[in-house]
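S.K.:
Protein chains: 2
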Amino acid sequence: MDAKFDIKQYMTQLGVQARKASRELMRATTNQKNSALLAIADAIESSKSRLLSENQKDLDAGAKKGLDAALLDRLALDDDRISSMAEGIRQIVALSDPIGEITDLKYMPSGIQVGQMRVPLGVIGIIYESRPNVTIDAAALCLKSSNAAILRGGSEAAYSNQSLAACIAEGLKAARLPVASIQVVETTDRQAVGELITMPDYVDVIVPRGGKGLIERVSADASVPVIKHLHGVCHVYIDGAADLDKAIKVAFNAKTQRYGTCNTMETLLVDKTIAADVLPKLASMYQKEGVEIRGCAQTQAIVKGINAVSDEDWDTEYLAPILSIKILDGIDEAMDHIHRHSSAHTEAIVTEDLTKARRFITEVDSSSVMVNASTRFADGFEYGLGAEIGISTDKIHARGPVGLNGLTSQKYIVFGDGHIRG
Amino acid sequence: MDAKFDIKQYMTQLGVQARKASRELMRATTNQKNSALLAIADAIESSKSRLLSENQKDLDAGAKKGLDAALLDRLALDDDRISSMAEGIRQIVALSDPIGEITDLKYMPSGIQVGQMRVPLGVIGIIYESRPNVTIDAAALCLKSSNAAILRGGSEAAYSNQSLAACIAEGLKAARLPVASIQVVETTDRQAVGELITMPDYVDVIVPRGGKGLIERVSADASVPVIKHLHGVCHVYIDGAADLDKAIKVAFNAKTQRYGTCNTMETLLVDKTIAADVLPKLASMYQKEGVEIRGCAQTQAIVKGINAVSDEDWDTEYLAPILSIKILDGIDEAMDHIHRHSSAHTEAIVTEDLTKARRFITEVDSSSVMVNASTRFADGFEYGLGAEIGISTDKIHARGPVGLNGLTSQKYIVFGDGHIRG
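For the record, the sequence lines run as chains G and F.
All residue numbers in the first sequence are consecutive under the numbering used here, ending with 446.
All residue numbers in the second sequence are consecutive under the numbering used here, ending with 446.
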């Protein structure tokens, strides 16, 4: 770009265009939005070879820069991932339009009728790192929920994101919706992020997706509300009353099904009464898979030759084939450990005991709490949301996987017939 | 208090106690919470004379300090307002307990069962100004929703708030719930606010209630999420297709029923085709009531002897018997004015035209949008929420009157039978 390129001016222009588009989107019909989405999905599938070659440019540059395996995995596109982006869009088309939905419309004693109507947030700014599929998930979720979006992906995915942006623009044009409904920031200059998060006149909410560092930086500097998606230090607790087979299946899957995702288990908690039964077999499965185990003293006594866990480990999101294991005394100690070290993302208990399952569900304060299921299920696809824009570890607004409803708000509507307050 | 009183230490202590109480409240039964609430209501009614005499101390001090009429009105207690505080608590007792409610529990294609469970936010910090009833509304709403609360009222209501705090403590003790569930900050030192909004380990959300200045200060400095309750610059638009009687009733009530509240109309918009029919009668009613009218040039031509409106007026929350009036050309100009000048609190249209009513409801982006009803209805009591902790003009999380549900979040719960992700 031109050396004289003014980033503040450029971002303001995106903001003005997004605000204007958002007002047009308020009036867009469900049909129009769905037509645009289907056209985007078609454009993605018919652009497969271009998407792959542009993605390869990003992968080559990433390898040259020395990005680690987890990051390169997040960055990579292949036939399956491209198909699943298009499939994700079609799932969103199939969802009912949340906008305009009126709920709980009831007469009050005064005679007025009060209800709530679901409405878009307006303009959403999304800041993310390496995964190019975020560009498509975010665009589709924002569009279906009648929000305009300004997307700012990581510089390491710049080629992939711009090639996806072209597919999005094609779909919007086909449905005669403003192309500015979804804008992908073209500059990779970091100043663009600083501008995006301080334009309250043009941006209603910021959704940062990525490492803890990015999110903390954005939260500290933003002058608009931020829906935070912090890291995942997820736990599985194998209770003394667990079924051994289920415990092994769930704990193995939660760690090894994919390493680079935020819903991957990082710490395994095991009740001391079952540890000797479950850990030897489980540990050898992990080790065959190449997972490094770091254990507490009691774990080291059962699983020979593993490293000792450090205090820091309990708070670490490895995003890698590393697992810390702690043996402890029952559900209270387990919930206490979780309360102190969890990032409040996703925790699971494996047990056949109803009362313990009920306590875990009630007392563990995380965005997803599971019984006898792998933490890897914690995402928008698996929860039937169609896709997700991220997994919120905030307590206010959206919590857990954020799908369509997380990108809307509800206003009150009141109908009277000349009613006044007495 | 002691000159050596350490406010940071004091607030940290309140925080530690609140966090501990919040974990006990997670296990409190509905019966326990309701018993505490009923005991608080009884304590308030049996303490009427003490409450009035303590309130009188605040009123005397306020008058001496020269507080204006609107502020003194907000501060004052009388028999009716005390009864209505107790009544408000009993209404909250009658509401169903939102905590633990599980919704949308459904099987997914993978075989897991996914639903959402309503849970408390944890510890809520509430910062407010003169109205002592906020102490009771906030305490009751937080308790019913299983949240611990730290309440920081204005120094001008210090006597009233401490006498109410005694009633709250009495009720909590009677139901054997931790007295630290609801703590009213005793020091009036401003540093206490600074500490309260920067204790993320002990406070989950801050709800500031009061003037724009307070809320902007709190939002700028807080390191925890803030549910904002900004000012109310509310509009009534009298459409050309309005019924004259309804228009006059609604517009008169919206301005004059009470001046010091955020849902009071501050600007009246009138379609030019109906202005000459509606304004002379309405203006004379306002003037009889002592309302100063500030009009645009066209309004001045119809209502003689009024002052000219200034550009600033359009953005001003008067909280006083002052009204600005603008005559304009139809619903598009009205919505455009609202979009530029409203604080997104509450707007109303008066019309008999269905299509215009639908457009207004859909396109006006405020927390409450009304048809043929007074803006004064925008509050938690009138909406059947039992009470409100404030009226949110935020778009994320709670919007409009914030009752019980606004003080909760929903986590995802998942049930499996050893399910793993493939």
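Cβ coordinates follow ideal geometry from the N, Cα and C atoms, glycine included.
If you're wondering where the values come from, they're calculated on a predicted model, not measured in any experiment.
Can you tell me whether Pro133 of chain G is buried or exposed, with buried defined as 16 or more other CB within 10 angstroms of its CB?
M.R.: One-based indexing of the first sequence puts residue 133 of chain G at position 109. Exposed, since its Cβ has fewer than 16 Cβ neighbours within 10 Å.
S.K.: So what does DSSP say about Ser154 of chain G, is it helix, strand or coil?
M.R.: As a first step, residue 154 of chain G is located in the first sequence; it is residue number 130 there, counting from the start. The answer is coil: DSSP assigns Ser154 of chain G none of H, G, I, E or B.
S.K.: Kindly indicate the opening and closing residues of the alpha helix (DSSP H) around Ser170 of chain G.
M.R.: What you label residue 170 of chain G is simply residue 146 of the first sequence in a count that begins at 1. Premise fails: Ser170 of chain G is in no alpha helix (DSSP H) and is neither H nor E.
S.K.: So is Ala321 of chain G buried or exposed if we call it buried at 16+ other beta carbons inside 10 Å?
M.R.: As a first step, residue 321 of chain G is located in the first sequence; it is residue number 297 there, counting from the start. With fewer than 16 other Cβ atoms within 10 Å, it is exposed.
S.K.: Helix, strand or coil, according to DSSP, for Ala100 of chain F in the structure here?
M.R.: Residue numbering aside, residue 100 of chain F sits at position 76 when the second sequence is read from its first letter. Reduced to three states, the DSSP call for Ala100 of chain F is coil.
S.K.: Mind checking the segment 231–256 of chain G against chain F and listing, in chain order, the residues whose C-beta falls within less than 8 Å of any C-beta there?
M.R.: Result list: Pro249 and Ile251.
S.K.: If the cut-off is 8 Å on Cβ atoms, which residues from the segment 391–402 of chain F count as contacting chain G, listed in chain order?
M.R.: Answer set for the segment 391–402 of chain F: Ser391, Ser392, Val393, Met394, Val395, Asn396, Ala397, Ser398, Arg400, Phe401 and Ala402.
S.K.: Under a three-way DSSP split, which group does Asp289 of chain F fall into?
M.R.: In the second sequence, counting from the first residue as 1, residue 289 of chain F sits at position 265. Contrary to the premise, residue 289 of chain F reads as Met rather than Asp in this sequence. Met289 of chain F: strand per DSSP, three-state reduction.
S.K.: Taking Ile31 of chain F and Asp213 of chain F to be in contact with their CB atoms under 8 Å, please state how far apart those CB atoms are, rounded to whole angstroms.
M.R.: Stepping through the second sequence from its first residue, residue 31 of chain F is reached at position 7. Stepping through the second sequence from its first residue, residue 213 of chain F is reached at position 189. So it is a contact: roughly 6 Å between Cβ atoms.
S.K.: At a CB distance below 9 Å, what residues from the segment 96–117 of chain F approach chain G? Give them in sequence order.
M.R.: Cβ contacts with chain G come from no residue of the segment 96–117 of chain F.
S.K.: In the DSSP assignment, the beta strand (DSSP E) including Ser12 of chain F goes from what residue to what residue?
M.R.: Since the first residue shown for chain F is 25 and the last is 446, residue 12 of chain F is missing from the structure and cannot be characterised.
S.K.: Going by DSSP in three states, Ala411 of chain G sits in which element: helix, strand or coil?
M.R.: Here residue 411 of chain G refers to the residue found at position 387 of the first sequence. In the structure shown, Ala411 of chain G sits in coil (DSSP, three-state: anything other than H, G, I, E or B).
S.K.: Report yes or no: do the segment 357–370 of chain F and the segment 255–265 of chain F share at least 3 C-beta pairs separated by less than 8 Å?
M.R.: Touching, per the Cβ criterion.
S.K.: Can you pull the chain F residues whose beta carbon is under 8 Å from the beta carbon of Arg445 of chain G, in chain order?
M.R.: The residue you call residue 445 of chain G lines up with position 421 of the first sequence. Here the neighbours are Asn277, Gln281, Ser398, Arg400, Phe401 and Glu406.
S.K.: For Met25 of chain F, is the classification buried or exposed, using 16 other Cβ atoms within 10 angstroms of its Cβ as the cut-off for buried?
M.R.: Residue numbering aside, residue 25 of chain F sits at position 1 when the second sequence is read from its first letter. Reliability of the predicted coordinates at Met25 of chain F is poor, the pLDDT of 48 falling under 50, and the value obtained from them is presented with this limitation in mind. Flag for Met25 of chain F reads exposed.
S.K.: Taking Tyr261 of chain G as part of the alpha helix (DSSP H), name the residues at either end of that continuous run.
M.R.: Mapped onto the first sequence, residue 261 of chain G falls at position 237. Taken as a continuous stretch (DSSP letters only), Tyr261 of chain G belongs to no alpha helix (DSSP H), being part of the beta strand (DSSP E) at Cys258 to Ile262.
S.K.: With a threshold of 16 other CB atoms inside 10 Å of the CB of Phe29 of chain F, please say whether the residue is buried or exposed.
M.R.: Along the second sequence, one-based indexing puts residue 29 of chain F at 5. Phe29 of chain F should be labelled exposed.
S.K.: For Arg51 of chain G, name the three-state secondary structure that DSSP assigns.
M.R.: On the first sequence, position 27 is the one that residue 51 of chain G refers to. Three-state DSSP puts Arg51 of chain G in coil, outside helix and strand.
S.K.: Which residues of chain F have a Cβ atom closer than 8 Å to the Cβ of Leu145 of chain G, listed in chain order?
M.R.: If you number the first sequence from 1, residue 145 of chain G lands on position 121. Result: Lys419 and Ile420.
S.K.: Give, in chain order, every residue of the segment 309–325 of chain F whose Cβ lies closer than 9 Å to some Cβ of chain G.
M.R.: So nothing in the stretch comes that close.
S.K.: Over what stretch of residues does the alpha helix (DSSP H) that includes Asp82 of chain F continue unbroken?
M.R.: The residue given as residue 82 of chain F occupies position 58 in the second sequence. First-last of the alpha helix (DSSP H) with Asp82 of chain F: Lys72 to Lys89.
S.K.: Take the Cβ of Gln470 of chain F as the centre, count every other Cβ of all protein chains shown within 10 Å, and call the residue buried at 16 or more, exposed below.
M.R.: Because chain F spans 25 through 446 in this model, residue 470 of chain F falls outside it and cannot be assessed.
S.K.: Measuring only from the beta carbon, is Gly414 of chain F closer than 6 Å to any heavy atom that is part of the ligand ATP?
M.R.: Only the bare structure without any ligand can be found here, which leaves the ligand ATP out of the picture.
S.K.: Compare the C-alpha of Met35 of chain F against each of F:Arg114, F:Arg176, F:Leu167 and F:Thr53 and name the closest.
M.R.: Numbered from its first residue, the second sequence carries residue 35 of chain F at position 11. Ranking F:Arg114, F:Arg176, F:Leu167 and F:Thr53 by Cα distance to Met35 of chain F puts F:Arg176 first.
S.K.: Residues in the segment 366–385 of chain G with C-beta within 7 Å of chain F's C-beta atoms, listed in sequence order?
M.R.: The segment 366–385 of chain G vs chain F, Cβ under 7 Å: Ile385.
S.K.: Name the one or two DSSP bridge partners that Pro144 of chain F has.
M.R.: Taking the first residue of the second sequence as position 1, residue 144 of chain F is located at position 120. Its beta-bridge partners are F:Thr432.
S.K.: State yes or no: is the beta carbon of Gly135 of chain G nearer than 7 Å to at least one beta carbon in chain F?
M.R.: Taking the first sequence and counting its residues from 1, one reaches residue 135 of chain G at position 111. By this cut-off, Gly135 of chain G is not an interface position.
S.K.: Would you report the Cα separation of Gln434 of chain G and Thr222 of chain G, rounded to the nearest angstrom?
M.R.: Translated into positions along the first sequence, residue 434 of chain G becomes position 410. Translated into positions along the first sequence, residue 222 of chain G becomes position 198. So the alpha carbons of these two residues sit roughly 24 Å apart.
S.K.: Pick from F:Asp360, F:Val388, F:Lys81 and F:Ile160: whose alpha carbon is nearest that of Ile113 of chain F?
M.R.: The residue you call residue 113 of chain F lines up with position 89 of the second sequence. Nearest option by C-alpha distance: F:Ile160.
S.K.: Could you check whether the Cβ of Gly442 of chain F sits closer than 7 Å to any Cβ belonging to chain G?
M.R.: Taking the first residue of the second sequence as position 1, residue 442 of chain F is located at position 418. Closer than 7 Å to some Cβ of chain G, the Cβ of Gly442 of chain F qualifies, so yes.
S.K.: In chain G, which residues lie with their C-beta within 8 Å of the C-beta of Lys435 of chain F?
M.R.: For the purposes of this step, residue 435 of chain F is taken as the residue at position 411 of the second sequence. Correct list: Asp389, Ser390, Ser391, Ser392, Val393, Arg423 and Gly424.
S.K.: Using a Cβ cut-off of 8 Å, pull out every chain G residue sitting near Val229 of chain F, in sequence order please.
M.R.: Position 205 of the second sequence, counting from 1, holds the residue named residue 229 of chain F. Result: Lys419 and Ile420.
S.K.: When the Cα atoms are used, what is the spatial distance from Leu38 of chain F to Gln207 of chain F?
M.R.: Counting from 1 along the second sequence, the entry for residue 38 of chain F is found at position 14. Counting from 1 along the second sequence, the entry for residue 207 of chain F is found at position 183. If I take the Cα positions, the gap works out to 7 Å.
S.K.: In the DSSP output, which residue or residues are listed as bridge partners for Gly207 of chain G?
M.R.: Sequence index remark: in the first sequence, residue 207 of chain G carries index 183 (1-based). Here residue 207 of chain G turns out to be Gln, not Gly, going by the sequence shown. For Gln207 of chain G, which the question treats as bridged, DSSP gives the partners G:Ile174.
S.K.: Identify every residue that forms a DSSP beta bridge with Phe439 of chain G.
M.R.: By one-based count along the first sequence, residue 439 of chain G stands at place 415. The partner list for Phe439 of chain G (beta bridge, DSSP) reads G:Gln137 and F:Val395.
S.K.: Does any CB atom of chain F fall closer than 7 Å to the CB of Val138 of chain G?
M.R.: Working through the first sequence from its first residue, we reach residue 138 of chain G at position 114. Chain F contact via Cβ: present.
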